[in-house]
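K.L.:
Quick one: structure below, then a few questions.
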Amino acid sequence: MSSSARDTAHLVIGGGLAGSMLALRLAAAGREVTLLERERGAHHKVCGEFLSREAVEYLKQVGIDPLDLGAKTIRFVRLSSGPRVVETALPFAALSLSRSVLDEALLKRTEEAGCMVVRGAHVEGLAAQGGLWRVDVRGGEPWCAPHLFLANGKHDLRGWERTPGPHGDLVGFKMHWQLTESQTAALRDSIELFLFRGGYGGLSLVEGEAANFCFVVRRAVLRARGGWTELLAAIQSENPLIAGRLRGATALWERPLAVSAIPYGHLAGRPFGLWCVGDQAAVIPSFTGDGMSIALHSGALAAQMFVAGQSADQYHQVLCAQLKRGVGLATWLSRAMVSGAGRMVAPLGLSLFPGAMSWIARLTRIPQGALLPSQETVLVPQQPSAR
Numbered sequence: 000m001s002s003s004a005r006d007t008a009h010l011v012i013g014g015g016l017a018g019s020m021l022a023l024r025l026a027a028a029g030r031e032v033t034l035l036e037r038e039r040g041a042h043h044k045v046c047g048e049f050l051s052r053e054a055v056e057y058l059k060q061v062g063i064d065p066l067d068l069g070a071k072t073i074r075f076v077r078l079s080s081g082p083r084v085v086e087t088a089l090p091f092a093a094l095s096l097s098r099s100v101l102d103e104a105l106l107k108r109t110e111e112a113g114c115m116v117v118r119g120a121h122v123e124g125l126a127a128q129g130g131l132w133r134v135d136v137r138g139g140e141p142w143c144a145p146h147l148f149l150a151n152g153k154h155d156l157r158g159w160e161r162t163p164g165p166h167g168d169l170v171g172f173k174m175h176w177q178l179t180e181s182q183t184a185a186l187r188d189s190i191e192l193f194l195f196r197g198g199y200g201g202l203s204l205v206e207g208e209a210a211n212f213c214f215v216v217r218r219a220v221l222r223a224r225g226g227w228t229e230l231l232a233a234i235q236s237e238n239p240l241i242a243g244r245l246r247g248a249t250a251l252w253e254r255p256l257a258v259s260a261i262p263y264g265h266l267a268g269r270p271f272g273l274w275c276v277g278d279q280a281a282v283i284p285s286f287t288g289d290g291m292s293i294a295l296h297s298g299a300l301a302a303q304m305f306v307a308g309q310s311a312d313q314y315h316q317v318l319c320a321q322l323k324r325g326v327g328l329a330t331w332l333s334r335a336m337v338s339g340a341g342r343m344v345a346p347l348g349l350s351l352f353p354g355a356m357s358w359i360a361r362l363t364r365i366p367q368g369a370l371l372p373s374q375e376t377v378l379v380p381q382q383p384s385a386r
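For the sequence shown, numbering that gives the first Met the number 0 begins at 0 and goes up steadily by one.
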């Protein structure tokens with residue numbers, strides 16, 4: 000190891016869902032793990048905050064029950080475009096919980112498992128040196144490790160950017176609202192997907208009776224509108240259901256969160272021994288509600304394959320094979336939804352074929368046979384190793 004840097008055996012960059020799941024499973028296999036988290040404390044992220052059945056199962060495997068954290072139940076999905084509204088039952092029970100609460104619970108669980116979690120570690124550079132990875136941290140000592148895992152979510156590292164993806168012209172926004180009592184009651188047990196000119200989004204309750212309002216919009220449409228205020232007004236003028244939900248509502252934050260250039264459709268295939276998990280590995284359009292389950296699954300799969308002695312390239316091949324169909328279908332549908340024709344046709348088509356939403360939900364999920372069982376059956380604990 001380098002004398003001018005702090006050394007660790009396994010270094011994880013990013014403390015979100017994927018990074019924490021990966022670290023937990025490596026630690027359970029007896030590995031020494033250091034996790035670098037950019038933020039110092041709990042924080043919100045641009046995310047639909049939808050936990051599918053698969054995501055809930057992965058969380059329970061590491062001792063976290065979202066219901067204990069205040070998660071809300073989702074049993075129905077409601078799609079609206081203009082005056083048209085279509086509703087159907089989900090093919091599975093789902094939950095909704097803010098990333099601020101969920102990520103913090105996972106990070107604390109990671110610390111309890113014996114991992115070193117370094118908060119406030121803003122990674123600025125990454126380079127391969129003599130069989131090691133050197134990671135430069137703003138205002139701190141660099142780290143060196145023979146094994147590196149990228150779990151830095153939507154924030155790329157300079158020089159290690161993801162490919163744009165086939166549908167990479169979208170900007171994401173998120174705001175939490177306190178709805179009126181009657182609108183909160185009307186939204187309960189449901190997630191509402193809404194379409195508007197150049198974009199789409201979702202609205203659902205999270206812990207504390209807050210409503211998570213999250214959407215993506217084409218960059219050209221955002222520029223034409225002028226900004227958040229004008230875009231929010233345009234969405235409400237186009238969509239009576241959303242206008243009703245937000246009437247009399249109070250914004251819980253001073254300003255919305257935003258993220259640019261979301262690479263929908265991205266599937267990683269990086270060389271040089273880099274293990275990419277979460278959004279660094281695959282980015283599925285948010286309307287599917289499968290992003291968090293993919294993050295958790297990719298972290299678990301990477302840990303399993305690493306402990307089994309397989310390579311990063313082998314891991315990426317397996318993950319891409321598992322996700323290719325779902326990500327491809329979801330990306331095609333997302334491109335259609337932000338088009339004028341798609342916005343007009345979607346509600347009519349779903350009203351004629353009410354089972355279509357359930358069909359889409361099933362086809363864009365991680366294949367059932369790819370899901371990993373509990374930790375005890377996939378990893379045999381070993382003594383700590385520098386491997």
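Here a beta-carbon is modelled for each residue, glycine too, at the ideal position from N, C-alpha and C.
1) Determine the contact status of SER99 and LYS44, defining contact as a CB-CB distance below 9 Å.
2) I need the straight-line Cα distance from VAL11 to ALA22, nearest angstrom please.
3) Assuming GLU53 and SER292 are in contact, meaning their beta carbons sit under 8 Å apart, how far apart are those beta carbons, in whole angstroms?
4) For the putative contact between GLY298 and ALA150, defined by C-beta atoms under 8 Å, what is the C-beta separation to the nearest angstrom?
5) Within its chain, find whatever has a CB closer than 7 Å to the CB of ALA301; leave out the 5 residues flanking it on each side and keep chain order.
6) Does the Cβ of SER259 have 16 or more other Cβ atoms within 10 Å, making it buried, or fewer, making it exposed?
7) Give the C-beta separation of SER95 and GLU56 to the nearest angstrom, bearing in mind that I take them to be a contact with Cβ-Cβ under 8 Å.
8) So, are the CB atoms of TRP227 and ARG254 less than 9 Å apart?
9) Cβ atoms of VAL170 and ILE261: under 9 Å apart, would you say?
10) Going by DSSP, which residues form a beta bridge with THR87?
11) Using the C-alpha atoms, what's the distance from GLN128 back to ASP6?
12) Using the rule of at least 16 other Cβ atoms within 10 Å of the residue's Cβ for burial, across every protein chain shown, is PRO284 buried or exposed?
13) Would the segment 105-117 and the segment 25-41 be scored as touching if the rule is three or more Cβ pairs under 8 Å?
14) Here's a check: name, in chain order, each residue in its chain whose Cβ is nearer than 8 Å to the Cβ of GLU206, leaving out the five neighbours to either side.
15) Under a three-way DSSP split, which group does ARG30 fall into?
16) Which complete beta strand (DSSP E) runs does the segment 300-351 hold, if anything under 3 residues is left out?
17) Would ALA17 be called buried (16 or more neighbouring beta carbons within 10 Å of its own) or exposed?
18) What residues match up with THR249 in a beta bridge as DSSP calls it?
19) Taking only three categories from DSSP, how would you classify SER292?
20) Quick one: grab the DSSP three-state call for LEU6.
21) If distances are taken between C-alpha atoms only, which option among GLU31, GLU103 and GLN182 comes closest to VAL306?
22) So what does DSSP say about LEU189, is it helix, strand or coil?
23) Would you call ARG74 buried or exposed, if buried means 16 or more other Cβ atoms sit within 10 Å of its Cβ?
24) Taking the alpha-carbon positions, what's the GLY167 to LYS173 distance?
25) In whole angstroms, what is the alpha-carbon distance linking PRO163 and VAL122?
26) Check the C-beta distance from LEU403 over to LEU125 and give it rounded, since I have them as a contact under 8 Å.
27) Using three-state DSSP, classify LEU202 as helix, strand or coil.
28) Determine the burial state of GLN60: buried for a count of at least 16 other Cβ atoms within 10 Å of its Cβ, exposed for fewer.
29) Would you list the one or two residues that DSSP bridges to GLY40?
30) How should SER3 be labelled, buried or exposed, when 16 other C-beta atoms within 10 angstroms of its C-beta is the threshold for buried?
31) Buried or exposed, going by whether 16 or more other CB atoms sit within 10 Å of the CB of LEU35?
32) Quick test of your reading: ALA104 and LEU178, contact by CB under 8 Å. State the CB separation rounded to the nearest angstrom.
33) According to DSSP, is ALA150 part of a helix, a strand, or is it coil?
34) Going by DSSP in three states, GLN367 sits in which element: helix, strand or coil?
35) Let me check one thing: in DSSP terms, what residues is HIS166 bridge-paired to?
36) Going by other Cβ atoms of all chains shown within 10 Å of its Cβ, with 16 needed for buried, is GLN279 buried or exposed?
P.N.:
Walking through what the data contain:
1) Within the sequence shown, numbered from 1, the residue matching residue 99 stands at position 100. Within the sequence shown, numbered from 1, the residue matching residue 44 stands at position 45. Yes.
2) For the purposes of this step, residue 11 is taken as residue 12 along the sequence shown, with counting starting at 1. For the purposes of this step, residue 22 is taken as residue 23 along the sequence shown, with counting starting at 1. Computed Cα separation, rounded: 7 Å.
3) Position 54 of the sequence shown, counting from 1, holds the residue named residue 53. Position 293 of the sequence shown, counting from 1, holds the residue named residue 292. Yes, GLU53 and SER292 are in contact; Cβ-Cβ is about 4 Å, under 8 Å.
4) Stepping through the sequence shown from its first residue, residue 298 is reached at position 299. Stepping through the sequence shown from its first residue, residue 150 is reached at position 151. With 8 Å as the limit, GLY298 and ALA150 qualify as a contact, their Cβ atoms being about 7 Å apart.
5) As a first step, residue 301 is located in the sequence shown; it is residue number 302 there, counting from the start. If we look at ALA301 and ignore the five residues flanking it on each side, its Cβ neighbours are LEU21, PHE148, TRP274, VAL276 and TYR314.
6) Walking along the sequence shown from the start, residue 259 turns up at place 260. Exposed.
7) Along the sequence shown, read from residue 1 onward, the residue named residue 95 stands at position 96. Along the sequence shown, read from residue 1 onward, the residue named residue 56 stands at position 57. Not a contact, Cβ separation roughly 16 Å.
8) The residue labelled residue 227 in the question sits at position 228 within the sequence shown. The residue labelled residue 254 in the question sits at position 255 within the sequence shown. Taking 9 Å as the Cβ cut-off, TRP227 and ARG254 qualify as a contacting pair.
9) Residue 261 sits at position 262 when you count from the first residue of the sequence shown. Residue 170 sits at position 171 when you count from the first residue of the sequence shown. For ILE261 and VAL170, yes; Cβs fall inside 9 Å.
10) For the purposes of this step, residue 87 is taken as residue 88 along the sequence shown, with counting starting at 1. Paired residue(s): VAL76.
11) Against the sequence shown, residue 6 aligns to sequence position 7. Against the sequence shown, residue 128 aligns to sequence position 129. Spanning the two alpha carbons is a distance of roughly 13 Å.
12) Within the sequence shown, numbered from 1, the residue matching residue 284 stands at position 285. By the neighbour-count rule (16 or more Cβ atoms within 10 Å), PRO284 is buried.
13) yes
14) Here the question's residue 206 lines up with position 207 in the sequence shown. Cβ neighbours of GLU206 beyond the five flanking positions: LEU68, GLY69, ALA70, LYS71, LEU96, SER97 and VAL100.
15) As a first step, residue 30 is located in the sequence shown; it is residue number 31 there, counting from the start. Of the three classes helix, strand and coil, the one that applies to ARG30 here is strand, per DSSP.
16) none
17) Within the sequence shown, the letter at position 18 stands for residue 17. Its Cβ being crowded by 16 or more others within 10 Å, ALA17 is buried.
18) As a working mapping, residue 249 is identified with position 250 in the sequence shown. In DSSP, THR249 forms a bridge with GLN177.
19) Counting from 1 along the sequence shown, the entry for residue 292 is found at position 293. Helix.
20) Indexing the sequence shown from 1 puts residue 6 at position 7. It is worth fixing the name first, because residue 6 is Asp in this sequence and not Leu. ASP6 falls in the strand class under three-state DSSP.
21) The residue given as residue 306 occupies position 307 in the sequence shown. Out of GLU31, GLU103 and GLN182, GLU31 has the C-alpha closest to the C-alpha of VAL306.
22) Indexing the sequence shown from 1 puts residue 189 at position 190. At residue 189 the sequence reads Ser, which differs from the Leu that was named. In the structure shown, SER189 sits in a strand (DSSP, three-state: E or B).
23) On the sequence shown, residue 74 is found 75 positions in, with the first residue counted as 1. ARG74 is exposed by the Cβ-count criterion.
24) The residue labelled residue 167 in the question sits at position 168 within the sequence shown. The residue labelled residue 173 in the question sits at position 174 within the sequence shown. Roughly 18 Å separates the two Cα atoms.
25) Counted from its first residue, the sequence shown places residue 163 at position 164. Counted from its first residue, the sequence shown places residue 122 at position 123. One C-alpha to the other measures close to 21 Å.
26) Since the displayed the chain opens at 0 and closes at 386, residue 403 lies outside it and no answer follows.
27) In the sequence shown, residue 202 corresponds to position 203, counting from 1. It is a strand residue.
28) Position 61 of the sequence shown, counted from the start, is the residue given in the question as residue 60. When all chains shown are included, GLN60 counts as buried.
29) For the purposes of this step, residue 40 is identified with residue 41 of the sequence shown, where counting begins at 1. According to DSSP, GLY40 bridges with nothing at all.
30) One-based indexing of the sequence shown puts residue 3 at position 4. SER3 should be labelled exposed.
31) Sequence index remark: in the sequence shown, residue 35 carries index 36 (1-based). Looking at its Cβ environment, which holds 16 or more other Cβ atoms inside 10 Å, LEU35 is buried.
32) Against the sequence shown, residue 104 aligns to sequence position 105. Against the sequence shown, residue 178 aligns to sequence position 179. Not a contact, Cβ separation roughly 25 Å.
33) Here residue 150 corresponds to residue number 151 of the sequence shown, with the count starting at 1. DSSP places ALA150 in coil when its eight states are reduced to three.
34) Locating residue 367 in the sequence shown gives position 368, where the first residue counts as 1. Helix at GLN367.
35) Indexing the sequence shown from 1 puts residue 166 at position 167. HIS166 is bridged to TYR263.
36) To locate residue 279, count along the sequence shown from 1; it is residue 280. Its Cβ being crowded by 16 or more others within 10 Å, GLN279 is buried.
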